[in-house]
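Per the numbering used here, the very first residue in the sequence shown carries number 589; after that it's consecutive.
Only one structure is covered here, and it is reproduced in the block below.
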Amino acid sequence: MNASLQSNPRLRLGLTGGIGSGKSTLARLLQGMGADLIDADAISRACTESGGSAIHAIAETFGDAFITTDGALDRQRMREHVFAQPEARKVLERIVHPLVGGEIRRKTSLATASVVVFDIPLLVESPHWRPQLDRVLVVDCLPATQVRRVTLRSGWDLLTIEAVMRSQAARETRLAAADFVVFNDSDSIDNLQHLAQALANRFGL
Numbered sequence: 589m590n591a592s593l594q595s596n597p598r599l600r601l602g603l604t605g606g607i608g609s610g611k612s613t614l615a616r617l618l619q620g621m622g623a624d625l626i627d628a629d630a631i632s633r634a635c636t637e638s639g640g641s642a643i644h645a646i647a648e649t650f651g652d653a654f655i656t657t658d659g660a661l662d663r664q665r666m667r668e669h670v671f672a673q674p675e676a677r678k679v680l681e682r683i684v685h686p687l688v689g690g691e692i693r694r695k696t697s698l699a700t701a702s703v704v705v706f707d708i709p710l711l712v713e714s715p716h717w718r719p720q721l722d723r724v725l726v727v728d729c730l731p732a733t734q735v736r737r738v739t740l741r742s743g744w745d746l747l748t749i750e751a752v753m754r755s756q757a758a759r760e761t762r763l764a765a766a767d768f769v770v771f772n773d774s775d776s777i778d779n780l781q782h783l784a785q786a787l788a789n790r791f792g793l
């Protein structure tokens, strides 16, 4: 996803973390405190919803079996497919990532806040992002906490959750890439709110 961030906000903050870490919740809290938020996951979902810009190419490449009756990507079927065939993930990314990158560039050009938060699940995995960001913030928690949260949130079985976790950067790799780390092992939203406020104060929001 090689999206060049053409505008120059005062602080371009990359935000990442493993599944179930709470990074998206933290991103929304920072947005509520005045940051502009660019959510790569939300943009990707929009591209693969019914009528989304990636649907035609996905159907052409993978077949109509991967498209639901209402014209959206069948996420569960695709998730199972890319875990079984890792090369399929690369094919899917070649379709979706340029579309996501274009929308990120558009949103970046419209950003006006002093801090722009880029919520990017695969920030550490992609070599393109770090040079375009001023700082990287990693939301961290224990792996057991990730499993518990995703089970409660999504109802996935343990094998699926572990497969997703293996497909992401290792915890140690994410932490090594961080300029700032938020340890979010508590399920208290008040605790995360407190951490978000401390970050907002530090970044001048």
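Just so you know, even glycine gets a beta-carbon here, dropped at the ideal spot from N, CA and C.
Burial state of residue i (16 or more Cβ within 10 Å)
| i | result |
| --- | --- |
| R598 | exposed |
| T761 | exposed |
| P709 | buried |
| E668 | exposed |
| I777 | exposed |
| Q740 | A small fix is needed here, since residue 740 is Leu in this sequence, not Gln. Under this definition L740 is an exposed residue. |
| L661 | buried |
| Q619 | buried |
| G639 | exposed |
| K695 | buried |
| E675 | exposed |
| L746 | exposed |
| T657 | exposed |
| R790 | exposed |
| R663 | exposed |
| G602 | buried |
Given residue i as reference, the closest of the options once Cα atoms are compared
| i | options | result |
| --- | --- | --- |
| D767 | D722, D773, T696 | D722 |
| T748 | F791, V735, A757, R759 | V735 |
| G605 | A757, D745, D658 | A757 |
| N772 | S632, A764, R737 | R737 |
| H716 | G689, T733, S742 | G689 |
| A751 | Q673, S714, V724 | Q673 |
Simplified DSSP assignment, three categories, for residue i
| i | result |
| --- | --- |
| R598 | coil |
| L793 | coil |
| G605 | strand |
| L625 | strand |
| R777 | According to the sequence as given, residue 777 is Ile; it is not Arg. Three-state result, I777: helix. |
| I708 | coil |
| L593 | Reliability fails at L593, whose pLDDT of 48 lies under 50, so the model's placement of it is uncertain and the value that follows must be treated cautiously. Looking at L593 - three-state DSSP - the assignment turns out to be coil, as it is neither helix nor strand. |
N- and C-terminal bounds of the beta strand (DSSP E) containing residue i
| i | result |
| --- | --- |
| R723 | 723-728 |
Residue i - containing alpha helix (DSSP H), residue span
| i | result |
| --- | --- |
| F654 | That residue, F654, is in no alpha helix (DSSP H); it is neither H nor E in DSSP. |
| A645 | 643-650 |
| A764 | 759-764 |
| Q664 | 663-672 |
Report yes or no: do three or more beta-carbon pairs, one from the region 598-610 and one from the region 720-733, lie closer than 8 Å? yes
Under 8 Å: do the region 645-653 and the region 675-694 share three or more Cβ pairs, one atom per stretch? Three or more pairs of CB atoms, one per stretch, sit closer than 8 Å, so the region 645-653 contacts the region 675-694.
Mind the definition here: the region 698-708 touches the region 618-627 only if three or more C-beta pairs lie below 8 Å; say whether that holds. yes
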